[in-house]
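Chains as they are written, first to last, in the numbering used here: chain S, 397 to 705; chain X, 397 to 705; chain U, 397 to 705; chain B, 397 to 705.
Where a beta carbon is used, it is the ideal one built from N, C-alpha and C, also for glycine.
Since this is a predicted model, take the numbers as computed values, not measurements.
There are 4 protein chains.
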Amino acid sequence: MPPLVTPLQTSGQLDRSGLDRLIAHVLAGGVHGLFMLGTSGEGPNLPADLQREVVARTCQVVAGRVPVLVGVSHTVLAEAVSLARASFDLGASAAVITPPYYLPASQDELWEWFRRFDEQLKRPFYIYNIPSLTKVSIGESVVARCLSLENFRGLKDSSGDLHYFKRMQRILSATKRHSLFIGPEELLAESLLAGGDGGVSGGANVWPELYRDIFLQAQSGNWADVNRLQASVLEISARIYSLVTPFATVTQPIKLALSELGICGATLASPQLPWKEADVSALRSAIKAMQLDARFGAKPLPSTPAIHG
Amino acid sequence: MPPLVTPLQTSGQLDRSGLDRLIAHVLAGGVHGLFMLGTSGEGPNLPADLQREVVARTCQVVAGRVPVLVGVSHTVLAEAVSLARASFDLGASAAVITPPYYLPASQDELWEWFRRFDEQLKRPFYIYNIPSLTKVSIGESVVARCLSLENFRGLKDSSGDLHYFKRMQRILSATKRHSLFIGPEELLAESLLAGGDGGVSGGANVWPELYRDIFLQAQSGNWADVNRLQASVLEISARIYSLVTPFATVTQPIKLALSELGICGATLASPQLPWKEADVSALRSAIKAMQLDARFGAKPLPSTPAIHG
Amino acid sequence: MPPLVTPLQTSGQLDRSGLDRLIAHVLAGGVHGLFMLGTSGEGPNLPADLQREVVARTCQVVAGRVPVLVGVSHTVLAEAVSLARASFDLGASAAVITPPYYLPASQDELWEWFRRFDEQLKRPFYIYNIPSLTKVSIGESVVARCLSLENFRGLKDSSGDLHYFKRMQRILSATKRHSLFIGPEELLAESLLAGGDGGVSGGANVWPELYRDIFLQAQSGNWADVNRLQASVLEISARIYSLVTPFATVTQPIKLALSELGICGATLASPQLPWKEADVSALRSAIKAMQLDARFGAKPLPSTPAIHG
Amino acid sequence: MPPLVTPLQTSGQLDRSGLDRLIAHVLAGGVHGLFMLGTSGEGPNLPADLQREVVARTCQVVAGRVPVLVGVSHTVLAEAVSLARASFDLGASAAVITPPYYLPASQDELWEWFRRFDEQLKRPFYIYNIPSLTKVSIGESVVARCLSLENFRGLKDSSGDLHYFKRMQRILSATKRHSLFIGPEELLAESLLAGGDGGVSGGANVWPELYRDIFLQAQSGNWADVNRLQASVLEISARIYSLVTPFATVTQPIKLALSELGICGATLASPQLPWKEADVSALRSAIKAMQLDARFGAKPLPSTPAIHG
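Below you can see the structure in the form of C-alpha cells.
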C-alpha cells in the first residue's frame with residue numbers, strides 16, 4: 397500500500413491529471429490499497445480544501461478497486477473529524493490519525509484523543525505512530541485500550557523501531573480484526589517475518605510491483621525471495637533516500653523519480669523546498685544506475701515502468 | 397505582556413465573560429500588551445472559528461489601550477496568513493508565527509517560511525522560537541536575514557536557552573526597530589540584564605503586577621529589586637509549575653489559579669486533560685501558602701487581585 | 397554468544413566459583429563464544445585488576461573450547477590497549493572496543509580511534525556500536541574504512557536500529573572475513589534474516605539453548621521455527637526486561653534469574669543499585685510464569701536448566 | 397576560576413614548562429582558584445599517571461596561593477576515589493566529581509554515587525552537573541540530600557540551563573557553606589545576578605582578567621560594568637567558540653589561543669583531533685580582530701597578555 401504523494405502544480409494547486417496517472421500507475425503495479433494525505437503525501441501541509449479535493453478525485457478514480465485510507469491528522473480534533481467525515485462521504489474506506497503534534501501528548505491524552513475520535517467519527521480508523529514528528533510514541537497500554545474501540549482497525553508504525561513494532565504485534569495479533577503496517581520500507585521484509593500485515597512504503601509510488609512482490613513472497617513463506625527483493629529496497633534507500641538531508645522526507649526524491657517517469661511534477665508543498673540542481677542530478681544518476689543493475693521486481697525489469705521511464 | 401490563556405466553557409466554546417474578566421484583570425495589573433493564541437493560549441488546538449472569536453472579542457474589549465499580538469502558527473502557511481489577516485481586520489497589532497510544526501524545517505525552509513509570510517501578509521509580525529514544540533531552533537542566520545523583511549518586528553524566544561537568547565540579542569539590537577521577548581518567566585530578570593525587551597510570562601495572567609514591576613525596576617536599573625521580585629517568580633515556578641507533569645504546559649495551573657480568583661473556569665482544549673483532584677488540591681495549597689508569604693508585587697500584596705480572589 | 401555477566405561477591409570482589417558455574421552453564425547450552433566485560437558484564441564499571449581477573453579466569457576455564465571476546469572500552473585509548481594486550485596474553489581471542497564515551501567523538505575521531513587501536517594492538521578486534529551510551533553512532537564511512545585495517549574483524553551493533561544494522565550488513569558482507577552481531581535479542585530473528593552472523597544476547601546467560609537454537613534454525617532456513625523460538629525471547633523481554641526502569645540495563649534481572657538457578661548471586665557493580673524487593677518478587681513471578689508456559693528451547697523444556705533451577 | 401587546559405607535548409606527555417607558564421599567566425590575571433582535569437582539561441582522556449603528574453606539578457607551582465580543585469570523574473568509583481586521595485596527598489584543596497558516564501545513572505544511583513564518594517574520601521568535594529556528557533542531570537532532591545554530606549562543598553553546573561542553575565541556587569543558598577559555580581561563560585553575568593558564586597570559564601585560561609573583573613564588578617553591584625565586560629565574553633564566544641564543530645569542546649581554540657601567546661602548544665589528547673589548517677587560520681584572524689577592538693578587561697587592554705601576543 398503506497399503512501400501516495402500528492403502531485404501539485406507549481407502554483408500549489410492539485411495536479412489532477414498527475415494524480416490520475418499516479419493512481420493508474422500504482423494500481424497497474426498491483427497495490428492492495430492507497431494511503432492518501434500521509435506524511436509522504438504532505439497531508440498536514442495542505443490546505444483543507446485541497447485535502448478534500450485529493451480525496452474526492454482519488455475515490456472517483458479508484459472507484460472501489462482497492463481501499464482508500466485517508467490521513468486526517470491535525471492539532472485540533474474537530475478538524476480531524478471533519479476531514480474524516482468528508483472523506484467517508486467521498487468514498488474513503490478508513491481514516492488514519494496520528495497523535496496531536498504541537499503539544500506532546502501524555503499517554504492518557506493519547507488514549508482520550510483516539511477514544512473521542514472513535515466516538516465522534518463512528519467509522520473505521522487506524523492510528524499512526526510516528527514519534528519523530530509527533531514527539532511521543534503511542535504506548536502499549538494505549539494500543540491495548542484501543543482494542544475496545546468499535547471502529548479501531550489497527551496501527552501504522554513509522555517509528556523505525558522494530559522491537560516496538562513486535563510489541564505492538566503481540567497486542568494486535570490477539571484478535572483477528574486488527575492490522576499492523578510498517579512505515580520504513582527498509583524494514584519491510586523483517587516486519588513481515590515478525591507477523592506484520594504489510595507496508596506503507598514510499599517507494600511503492602514508483603516501483604509498486606517490487607513492494608507487492610515482497611508481500612506476496614512473504615505470504616508464501618519464500619523468505620529467500622523476500623530477501624532478494626528486499627535487497628532492492630535497500631538499494632533504493634542507499635542510493636536515493638540517502639540523498640535526503642537530515643529532517644527531510646522522501647517526498648522530494650519520490651516526486652523526482654515520478655517526474656522522470658512522466659507521471660507528475662516534482663513540486664512540493666510549503667514548507668518543503670525543492671532540491672538544488674546538483675542533488676537532482678545525483679538522483680537522476682542514481683536512478684539510471686539502478687536501471688542498469690536491472691534488479692527490480694520479482695519479474696524481469698521491463699515490467700516495471702520505473703525502468704522504462 | 398501575558399500570553400493570555402483562552403477561557404473555555406466545558407462545552408469547548410469560548411467563555412466570553414471569562415475572557416472579559418481576564419482582560420480587565422491584566423489591564424488593571426498594568427501589562428503592556430496581550431499575546432493571544434500562543435502556546436499558553438492553546439492557539440494551535442483551537443478551531444479556526446473559535447480563534448477568530450477570541451481575537452475579535454479581545455480587540456473589542458481592549459479597544460486600543462495596549463497592543464494585541466496574535467499567535468497564528470499553523471502547519472499550512474496559507475492558514476497562518478488567513479488567521480493573521482482576519483486578526484488585523486479585527487484590530488490586532490501584530491502577528492506571531494512559529495516554524496511549521498509537523499515536519500521539522502531546515503534553516504533554508506525557515507527563512508522561506510518567514511519570507512513568504514511577510515510577503516503575503518504585509519503587516520507587522522514577530523517570529524517565535526520554541527524548539528521543544530517545533531523541533532528546530534531558528535538559527536542566527538535566519539534571524540539576521542529576517543532583519544531585511546519590511547514587516548519583521550522581532551523575536552519571542554521560548555527556548556529556555558539564555559545563551560541562544562543573548563546571541564539573538566546581539567543580532568536584533570543592531571537596529572532600534574526590533575524587539576526580543578523571553579518566554580520562560582524563570583529567566584525574566586536575567587533576560588532583562590542581557591538586553592531583552594520584556595517577557596511573555598504565563599504567570600502574568602494571574603499576577604500581572606509582579607511581572608510588570610520586574611520590567612519597570614530593570615528599566616530603572618534597580619537590580620536588587622529586580623532580584624527580589626524575581627525570587628517570587630521562582631517561588632511560583634517551584635511551588636506551582638513544578639506540579640505540572642513532563643510535557644504538559646502551565647495552562648492548567650494558570651487556569652486553576654484564575655478560577656480560584658473567580659475570573660474564569662479551568663477547562664482546557666483537547667488534547668490536554670484536566671488535572672486530577674489531588675493535583676488540584678496541591679495547587680490550591682501552594683497558592684494559599686504563597687499568599688501567606690505575602691511576597692508578591694513591588695507593592696504590598698493587597699494590591700494584587702490574585703490574593704484577594 | 398552471551399555477553400557474560402560478571403558474578404560479584406557482595407564485597408565487590410569477583411565471585412570466582414559463580415563465574416565458573418556460569419561458564420559451565422552456557423557452554424553446556426551450546427553457545428559459540430563468550431563476550432566478557434561488555435555492557436551487560438559491567439566492564440566499564442569494574443576496576444582494572446578485577447577486569448584482568450575476569451579474563452584470566454574465563455580463559456582458564458574455557459580452555460579454548462570457544463572463542464573468548466573481551467570488551468576493552470575506555471575513555472583513554474592507552475588503557476583500552478593495555479587491557480586488550482593483557483587479555484590476549486591471558487588467552488583471549490579478540491578485543492571489542494566502543495567509541496570513547498565521555499566526549500562525543502566526530503566520525504573522523506572515531507576512525508582515528510579505531511585506526512590507532514589497530515595500530516597499537518596488532519591483534520583481532522571488533523568494534524561495538526552502542527550510541528545510547530557513547531552518544532554517537534559509528535557511521536557507514538567509518539565502518540567501510542575499518543575494512544582496510546588488518547586486524548578488524550567486524551561489528552557488534554546494539555543500536556536497536558535494524559535499518560542501521562542492514563546498512564552495515566551491506567558493507568561488511570562485501571568480504572568473507574568480517575562478522576556482524578546484533579545486541580538486542582528482541583531483534584535476533586530479524587537480524588539473521590537480514591544476513592547477520594549471530595547475536596550477543598543477554599538472555600543467553602540464563603537460557604543459552606534458546607538463543608543457540610534460533611541461530612541454528614535460521615542457518616537451516618527454518619524460518620517458521622525461528623519465529624516460534626523468537627516468540628519466547630519476546631516473552632522474556634515482555635515479562636522480565638520490561639521490569640527494568642528506563643536507563644537501567646538488563647544485568648540485574650539476568651543476575652537475579654541466575655541466582656534463582658543457583659549459579660551466582662545478584663550483586664551489581666557501582667553505580668548500579670540492586671532492585672527493590674517488590675521488583676525482585678515480580679521478577680520471580682515472571683520467571684515462574686514462563687516456566688509454566690513451558691515454551692522455551694527448540695527441544696522440550698526439561699533440557700533448559702533455567703527451568704529446572 | 398579557569399578550568400585549566402592540560403598542555404601536552406606532541407608525544408602525548410605532559411608539557412611541564414607549558415603548564416608552568418599557563419599557571420603563571422592565570423595567577424598573574426588574578427584568578428581565585430584553578431580547576432584541573434575538568435572537561436576542558438581533558439581529564440577523562442588522560443592516563444592515570446599523567447593525571448597525577450598534572451596535579452603534582454600544579455600544586456607545586458601554585459604553592460598554596462589559590463585553591464586547586466581536581467576533577468576526578470571516572471566510570472569506576474574506586475578509581476575516582478584513588479585519584480582524589482592522590483590529589484589531596486599532593487596538595488589539592490578539593491575534588492570535583494561528575495556522575496558516572498557510561499551507563500546513565502538514576503537519581504537514586506547518583507545519590508549513592510556521591511554518598512559513597514564522600515564516605516570513602518572524607519575530604520572536601522564538589523559535584524559537577526554536565527548532562528550533555530553524563531546523560532543525566534543531577535536532580536534537586538539529590539543536591540538537597542548532598543547537603544547532609546559532611547564534605548560536600550557545592551555544585552558546578554555546566555548544563556547551560558539557567559533555570560536549573562537558579563533552582564540549585566535556591567537549595568544551596570540555604571546554607572552559607574556551599575558554593576555554586578557556572579560552567580558556560582556566556583551566562584556568567586546572569587549567573588552572578590541569580591546568586592551564583594562564580595564561573596569556571598574556559599576563556600579565563602587566555603584572558604583571566606576579563607573573567608575576574610566580571611566577578612569583581614558583580615560583587616560591587618556594578619551591573620552596567622558587568623554587562624559591558626560580559627559583552628566581550630559573548631564576543632569571544634561568537635568569534636572563537638563558534639568555530640568549534642558540534643560535539644567538540646573549546647579546548648582546541650583555547651590551546652591555539654595560548655599557543656599564539658607563546659604559553660603552550662595546541663596538542664590535544666586522544667580522541668580529539670587537531671583542527672584543520674583553515675580552522676586554525678580563521679581562529680588566528682578572529683583573535684587578531686578582537687585585539688583591534690581592544691575591548692577586553694576592565695582595565696585597558698595592554699594589561700592582557702592575550703592582546704600583546
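Once the 5 residues before and after residue i are set aside, which same chain residues still bring their CB inside 8 Å of it?
i: X/Pro701; result: Because X/Pro701 sits at a pLDDT of 33, beneath the cut-off of 50, its placement in the model cannot be relied upon, and the point is left open.
i: S/Thr454; result: Leu400, Leu415, Ile419, Leu430, Met432 and Val464
i: B/Arg678; result: Per the sequence shown, residue 678 of chain B should be read as Ala rather than Arg. Cβ neighbours of B/Ala678 beyond the five flanking positions: Leu639.
i: B/Thr406; result: Gly661 and Thr663
i: U/Leu506; result: Pro495, Val532, Ile534, Gly535 and Val538
i: S/Gln565; result: Leu576, Ala590, Gly591 and Gly592
What does DSSP give as the partner residue(s) for residue i in the beta ladder?
i: B/Asn525; result: B/Asp553
i: U/Phe577; result: U/Lys552
i: B/Lys595; result: Note that residue 595 of chain B is Gly in the sequence shown, not Lys. BP columns for B/Gly595 point to B/Ile578.
i: X/Pro399; result: X/Phe431
i: S/Ala490; result: S/Leu465
i: S/Leu446; result: Answer is none; S/Leu446 lacks a bridge partner.
i: B/Leu410; result: B/Leu404
Measure the beta-carbon distance from residue i to residue j and round it to whole angstroms, keeping in mind my assumption that it falls under 8 Å.
i: U/Ile567; j: U/Gly595; result: With a Cβ gap of about 19 Å, U/Ile567 and U/Gly595 do not count as contacting.
i: S/Ser375; j: S/Thr494; result: An answer regarding residue 375 of chain S cannot be provided, because it is not within the stretch 397 to 705 covered by chain S.
i: U/Val539; j: U/Leu551; result: 6 Å
i: X/Pro667; j: S/Leu654; result: Contact flag wrong, Cβ pair sits at about 35 Å.
i: U/Ala585; j: S/Leu589; result: 7 Å
i: B/Ala665; j: B/Glu438; result: 4 Å
Whose C-beta lies closer than 6 Å to the C-beta of residue i among residues of the same chain, with five residues either side of it excluded?
i: B/Pro527; result: Ser533 and Ser555
i: B/Ser483; result: Val451 and Val466
i: U/Leu688; result: Bear in mind that a pLDDT of 42 at U/Leu688, under 50, signals an unreliable position, so the model cannot answer this.
i: U/Gly599; result: Glu581 and Ile632
i: U/Thr530; result: Thr494, Pro495 and Tyr497
i: B/Asp621; result: Gln613
i: U/Pro520; result: Ala490, Asn547 and Arg549
i: U/Gly592; result: Leu576 and Ile578
i: X/Gly408; result: none
Skipping 5 residues on each side, what residues in its chain have a beta carbon closer than 7 Å to that of residue i?
i: U/Val457; result: Asp416 and Ile419
i: U/Arg412; result: Arg453
i: B/Ala476; result: Val468, Ser469, His470, Ile493 and Phe513
i: U/Arg563; result: Glu536
Taking the alpha helix (DSSP H) that residue i belongs to, which residues open and close that run?
i: B/Gln615; result: Pro604 to Gln615
i: X/Gln565; result: Leu558 to Leu568
i: B/Ser587; result: Leu584 to Leu589
i: B/Ser655; result: Thr647 to Glu656
i: U/Asn623; result: Trp619 to Arg635
i: B/Cys542; result: Glu536 to Cys542
i: X/Arg511; result: Gln503 to Leu517
* To do: Report the residues of the segment 635–647 of chain B with a CB closer than 8 Å to any CB of chain U, ordered along the chain.
  => Thr641, Phe643, Ala644 and Thr645
* Asked: Which of the residues in the segment 545–567 of chain B, read from start to end, lie with their CB under 8 Å from any CB of chain X?
  -> Gly556, Asp557, Leu558, His559, Lys562, Arg563 and Arg566
* Selection of the segment 661–683 of chain X by Cβ proximity to chain B, strictly under 7 Å -> none
* the segment 510–527 of chain S: which residues have C-beta closer than 8 Å to a C-beta of chain U, in chain order? -> none
* To do: Scan the segment 438–459 of chain S for residues whose Cβ lies nearer than 7 Å to a Cβ of chain X and list them as they occur along the chain.
  => Pro440, Asn441, Leu442 and Pro443
* Asked: Taking any Cβ of chain U, which residues in the segment 578–596 of chain S have a Cβ under 7 Å from it, in chain order?
  -> Pro580, Glu582, Leu583, Ala585, Glu586, Leu589 and Ala590
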